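What follows is a short report on a single structure.
Protein chains: 4
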Amino acid sequence: MTDVHPEGGFSTARVETLGDGIFAIVMTLLVLQLRIPAGTLARDFPHELRQLWPQLGAYVVSFVVLGIYWVAHHNQFAFIKAVDRVLLWINILFYLVVALVPFSASVAGGYHEQPLASAVYGGNLIAVGLVLLLHWRYATSKPALSEPVDPRLRREIDRHILMAPALYVAAIALGFVSTWISLAIYAFVPVLYIVPNRVDRTLDEMKAGLR
Amino acid sequence: MTDVHPEGGFSTARVETLGDGIFAIVMTLLVLQLRIPAGTLARDFPHELRQLWPQLGAYVVSFVVLGIYWVAHHNQFAFIKAVDRVLLWINILFYLVVALVPFSASVAGGYHEQPLASAVYGGNLIAVGLVLLLHWRYATSKPALSEPVDPRLRREIDRHILMAPALYVAAIALGFVSTWISLAIYAFVPVLYIVPNRVDRTLDEMKAGLR
Amino acid sequence: MTDVHPEGGFSTARVETLGDGIFAIVMTLLVLQLRIPAGTLARDFPHELRQLWPQLGAYVVSFVVLGIYWVAHHNQFAFIKAVDRVLLWINILFYLVVALVPFSASVAGGYHEQPLASAVYGGNLIAVGLVLLLHWRYATSKPALSEPVDPRLRREIDRHILMAPALYVAAIALGFVSTWISLAIYAFVPVLYIVPNRVDRTLDEMKAGLR
Amino acid sequence: MTDVHPEGGFSTARVETLGDGIFAIVMTLLVLQLRIPAGTLARDFPHELRQLWPQLGAYVVSFVVLGIYWVAHHNQFAFIKAVDRVLLWINILFYLVVALVPFSASVAGGYHEQPLASAVYGGNLIAVGLVLLLHWRYATSKPALSEPVDPRLRREIDRHILMAPALYVAAIALGFVSTWISLAIYAFVPVLYIVPNRVDRTLDEMKAGLR
Numbered sequence: 001m002t003d004v005h006p007e008g009g010f011s012t013a014r015v016e017t018l019g020d021g022i023f024a025i026v027m028t029l030l031v032l033q034l035r036i037p038a039g040t041l042a043r044d045f046p047h048e049l050r051q052l053w054p055q056l057g058a059y060v061v062s063f064v065v066l067g068i069y070w071v072a073h074h075n076q077f078a079f080i081k082a083v084d085r086v087l088l089w090i091n092i093l094f095y096l097v098v099a100l101v102p103f104s105a106s107v108a109g110g111y112h113e114q115p116l117a118s119a120v121y122g123g124n125l126i127a128v129g130l131v132l133l134l135h136w137r138y139a140t141s142k143p144a145l146s147e148p149v150d151p152r153l154r155r156e157i158d159r160h161i162l163m164a165p166a167l168y169v170a171a172i173a174l175g176f177v178s179t180w181i182s183l184a185i186y187a188f189v190p191v192l193y194i195v196p197n198r199v200d201r202t203l204d205e206m207k208a209g210l211r
Numbered sequence: 212m213t214d215v216h217p218e219g220g221f222s223t224a225r226v227e228t229l230g231d232g233i234f235a236i237v238m239t240l241l242v243l244q245l246r247i248p249a250g251t252l253a254r255d256f257p258h259e260l261r262q263l264w265p266q267l268g269a270y271v272v273s274f275v276v277l278g279i280y281w282v283a284h285h286n287q288f289a290f291i292k293a294v295d296r297v298l299l300w301i302n303i304l305f306y307l308v309v310a311l312v313p314f315s316a317s318v319a320g321g322y323h324e325q326p327l328a329s330a331v332y333g334g335n336l337i338a339v340g341l342v343l344l345l346h347w348r349y350a351t352s353k354p355a356l357s358e359p360v361d362p363r364l365r366r367e368i369d370r371h372i373l374m375a376p377a378l379y380v381a382a383i384a385l386g387f388v389s390t391w392i393s394l395a396i397y398a399f400v401p402v403l404y405i406v407p408n409r410v411d412r413t414l415d416e417m418k419a420g421l422r
Numbered sequence: 423m424t425d426v427h428p429e430g431g432f433s434t435a436r437v438e439t440l441g442d443g444i445f446a447i448v449m450t451l452l453v454l455q456l457r458i459p460a461g462t463l464a465r466d467f468p469h470e471l472r473q474l475w476p477q478l479g480a481y482v483v484s485f486v487v488l489g490i491y492w493v494a495h496h497n498q499f500a501f502i503k504a505v506d507r508v509l510l511w512i513n514i515l516f517y518l519v520v521a522l523v524p525f526s527a528s529v530a531g532g533y534h535e536q537p538l539a540s541a542v543y544g545g546n547l548i549a550v551g552l553v554l555l556l557h558w559r560y561a562t563s564k565p566a567l568s569e570p571v572d573p574r575l576r577r578e579i580d581r582h583i584l585m586a587p588a589l590y591v592a593a594i595a596l597g598f599v600s601t602w603i604s605l606a607i608y609a610f611v612p613v614l615y616i617v618p619n620r621v622d623r624t625l626d627e628m629k630a631g632l633r
Numbered sequence: 634m635t636d637v638h639p640e641g642g643f644s645t646a647r648v649e650t651l652g653d654g655i656f657a658i659v660m661t662l663l664v665l666q667l668r669i670p671a672g673t674l675a676r677d678f679p680h681e682l683r684q685l686w687p688q689l690g691a692y693v694v695s696f697v698v699l700g701i702y703w704v705a706h707h708n709q710f711a712f713i714k715a716v717d718r719v720l721l722w723i724n725i726l727f728y729l730v731v732a733l734v735p736f737s738a739s740v741a742g743g744y745h746e747q748p749l750a751s752a753v754y755g756g757n758l759i760a761v762g763l764v765l766l767l768h769w770r771y772a773t774s775k776p777a778l779s780e781p782v783d784p785r786l787r788r789e790i791d792r793h794i795l796m797a798p799a800l801y802v803a804a805i806a807l808g809f810v811s812t813w814i815s816l817a818i819y820a821f822v823p824v825l826y827i828v829p830n831r832v833d834r835t836l837d838e839m840k841a842g843l844r
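Residue numbers (our numbering), protein chains in the order written: chain A, 1 to 211; chain B, 212 to 422; chain C, 423 to 633; chain D, 634 to 844.
Now the structure itself:
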């Protein structure tokens, strides 16, 4: 792995470091949507504070979703040994859609009764998921860039990444029926990624099979 | 320590790096609560500036409290040698409650005469303390994750971490009598953690005993 | 490479690390220009959201431009082996103009029909490009600071860096004819830097010639 | 150098890393004071843009001053080999006053015709300088924490650090005569630190004497 332009590559460490910075800032900027309007009188403060529940929900869900994508992105780098020009730009595109989350989360928190707000939030998260899938498929399709990955594992990781965007499509569509269903899906999806999953089981089986 | 997903772990360095970024940003975002309202006329500027004393107090106390938790979190990693899935998510939960501090501090600074604002701030800091305790107890309960810790030391660290949340419970309760008592407690708690304490003495004794 | 003042130098790693932090934050702060005005009623939300297209465009273009300059700056450090006082301050000047981009991008997004806004944005990006050129020329003119660079390559990199500022001058001038031409140029310039270019071909030829 | 609490120390690398993050964020947040008021009409935009000159001045001067203090702080760590509890908290205090600069700079930019605003800005920078001096004096007074420093060099560094606070006291005082004098001093002080200075000459002489 090299950091040197003359050899046409860019170090994986550098790309991950930029990502660590961006994830840390994006996760922290989420809090800016939580604010009592300037000039709120003392006697209106309890009311304004209660009004912030949807924003707090959007904060918690988005923080956890970003945590999941931060972990997933780093896990992919366990297989990636070099970054070419295309992969570099896929990474920057990934950071570009990740950095939009504080905006889409503030829309989702601020206008949670509107299907359109749910669509903005879901659309942003779908973009994050699809770019992560592109990142995975591109990197593992080039032997020069990644360690060989067992085809079964590769397919399962594909499906694991796609699960969230598929559910977010459902969340957006059902949002036009009831935004509460939509919000329930947004709250529920992260749980699927935090508990042990099929990819972990396959990895365990592969390790057991090796013994 | 490995960063590699196939082995089901995540490097301690990575988790600490994300934390360094988050703490640096959270501490710096605290300053955003200090602002002269847009459109303040020159002649009203001295008045508006004086109005910022409570916010400046909230800034200083919160900055120091975050400094304490940053140090404490790193100190725990002196004993931690690996991060499993549960510990990873305890860390992300820790960062989630830490990243709320700029919000709760701005509430405490902006509405310092309201017991409810004191409760929001205290509640946030209690959550930070309890998640840190959970982090410590979980990590040190698994031999695969941490160096063995002397039981007496472990208990003293438990108590040391719990001291702040206990005092914050008192601050919230007494805030309903007088918010000034509450503010005094918030200002006083960090002092207890900056001066040398019982945990340090135990560590010194243990080192002396080893000789 | 040394970090030690007594020897009058400053490590390249340190300077790059500050830059990584600054780029990550600047790229992330771009999102703050995307906001629904506080107090927008639910029924006006779709309208206000549609109003954000110019800001979203400014976000995407600026994010990609910053990505390009982040890559270019690091690529220069592939040749740089030490940082003297002058080069240190050229770097800080580079970060100073880079950190202005969230402001100039918000002006370009918010007032995209005004030639003056286009000039502010273009002027900022010209400054970034020219300071990067200064960085490259100064570093490679001092044998103590950089690896020797083939004169042909050096000239091509000069020209490659200057291409963007030249096009931005055109964008500013044509903005007084039509801001749409100006915006098209801003959207188009990054493409020139993402696709493989003459500098890459020269590097490939040089490597081929070496074999 | 150790990161381990049981030995009562904290790594210098860790403290510097937090500082790199804080400086990068503080320098970048300075840009938030540059903003066209929300709701400015297109025809008022040129006027509002021109109004931002003082803020742009405060941005540039503050960015450079922070660059100087970032360099100075790292240069001190060239001599520091360990961080004890007191030095750790001096560092956190240093970051606390550094992180206030975006506030005091926005005050100085927004109310540049008011001596009080100049005093807030100058007072903040005096605090930064004095805490840096405390950092230097404390660290170099403990043989366990730092390399031995030549007494003549130590005194010159003392004086070099004190120069800025002394000039800022003058800036505050003269601000009550004319804020223009005050602003000229703020613009001028950084120059003294960017050009080669007496400390550099002493270091050169010491190195020459060694040969």
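The beta-carbon is built from N, C-alpha and C at its ideal position, and this holds for glycine as well.
Keep in mind it's a predicted model, so treat the numbers as computed, not measured.
Chain-order list of chain C residues neighbouring residue 661 of chain D: 444, 447, 448, 451, 521, by C-beta distance under 7 Å. By the 16-neighbour rule on beta-carbons within 10 angstroms, residue 122 of chain A is buried. The way I'd put it, the segment 400–419 of chain B doesn't touch the segment 609–629 of chain C; fewer than three beta-carbon pairs between them come closer than 8 Å.
Straight-line spacing of the CA atoms in residue 747 of chain D and residue 698 of chain D works out to 21 Å. At least one CB atom of chain B sits nearer than 8 Å to the CB of residue 71 of chain A. Taking 8 Å as the CB threshold, residue 278 of chain B lines the interface with chain D. Identification of chain C residues near residue 768 of chain D by a Cβ-Cβ cut-off of 8 Å yields none; the smallest Cβ-Cβ distance measures about 14 Å. The Cβ atoms of residue 567 of chain C and residue 509 of chain C sit closer than 8 Å to each other. By the C-beta criterion, the segment 515–522 of chain C is judged not to be in contact with the segment 124–143 of chain A, since fewer than 3 inter-stretch pairs fall below 8 Å.
Close to chain A, meaning a Cβ-Cβ distance shorter than 9 Å, are the following residues of the segment 327–354 of chain B: 327, 328, 331. Selection C/482, C/434, C/444 evaluated against residue 531 of chain C yields C/482 as nearest (Cα-Cα).
Taken through DSSP and simplified to helix, strand or coil, residue 542 of chain C comes out as helix. Just measuring C-alpha positions, the residue of C/621, C/468, C/456 sitting nearest residue 578 of chain C is C/621. The segment 253–260 of chain B and the segment 463–472 of chain C do not touch, with fewer than three beta-carbon pairs separated by less than 8 Å.
Distance check between residue 491 of chain C and each of A/190, A/140, A/92, A/79 places A/92 closest, using alpha-carbon atoms only. In the structure shown, residue 501 of chain C adopts coil according to DSSP, grouped into three states. For residue 160 of chain A, no CB of chain B lies under 8 Å from its own CB, so it is not counted at the interface with that chain. Exposed is the label assigned to residue 51 of chain A, since fewer than 16 other Cβ atoms lie within 10 Å of its Cβ. Think of a sphere of 8 Å around the beta carbon of residue 650 of chain D: the chain B residues whose beta carbon falls inside it are 231, in chain order.
The Cβ atoms of residue 90 of chain A and residue 135 of chain A sit closer than 8 Å to each other. Taking a Cβ-Cβ threshold of 9 Å, none of the residues of chain C is close to residue 109 of chain A; the smallest such distance is about 11 Å. The three-state secondary structure of residue 600 of chain C, taken from DSSP, is coil.
For residue 725 of chain D, at least one C-beta of chain B is nearer than 8 Å to its own C-beta.
Around the beta-carbon of residue 72 of chain A, 16 or more other beta-carbon atoms lie within 10 Å, marking it buried.
At least 8 Å separates the beta-carbon of residue 507 of chain C from that of residue 823 of chain D. Nearest Cα to residue 787 of chain D within the set D/805, D/709, D/753: D/709. Secondary structure of residue 352 of chain B (DSSP, three-state): helix. In terms of Cβ geometry, residue 446 of chain C and residue 80 of chain A do not form a close pair [threshold 8 Å]. Measuring C-alpha to C-alpha distances from residue 82 of chain A to each of A/20, A/14, A/63, A/27 identifies A/14 as the nearest. Each of B/230, B/329, B/228, B/269 was checked against the Cα of residue 245 of chain B, and the nearest Cα belongs to B/269.
Proximity to residue 764 of chain D across D/727, D/645, D/782 peaks at D/727, based on C-alpha coordinates. Taking CB atoms only, residue 647 of chain D has a neighbour in chain B less than 8 Å away.
Taking residue 230 of chain B as reference, the option from A/11, A/67, A/32 with the minimal CA-CA separation is A/67. If you draw a 10 Å sphere on the C-beta of residue 403 of chain B, you find fewer than 16 other C-beta atoms in it, and that means exposed.
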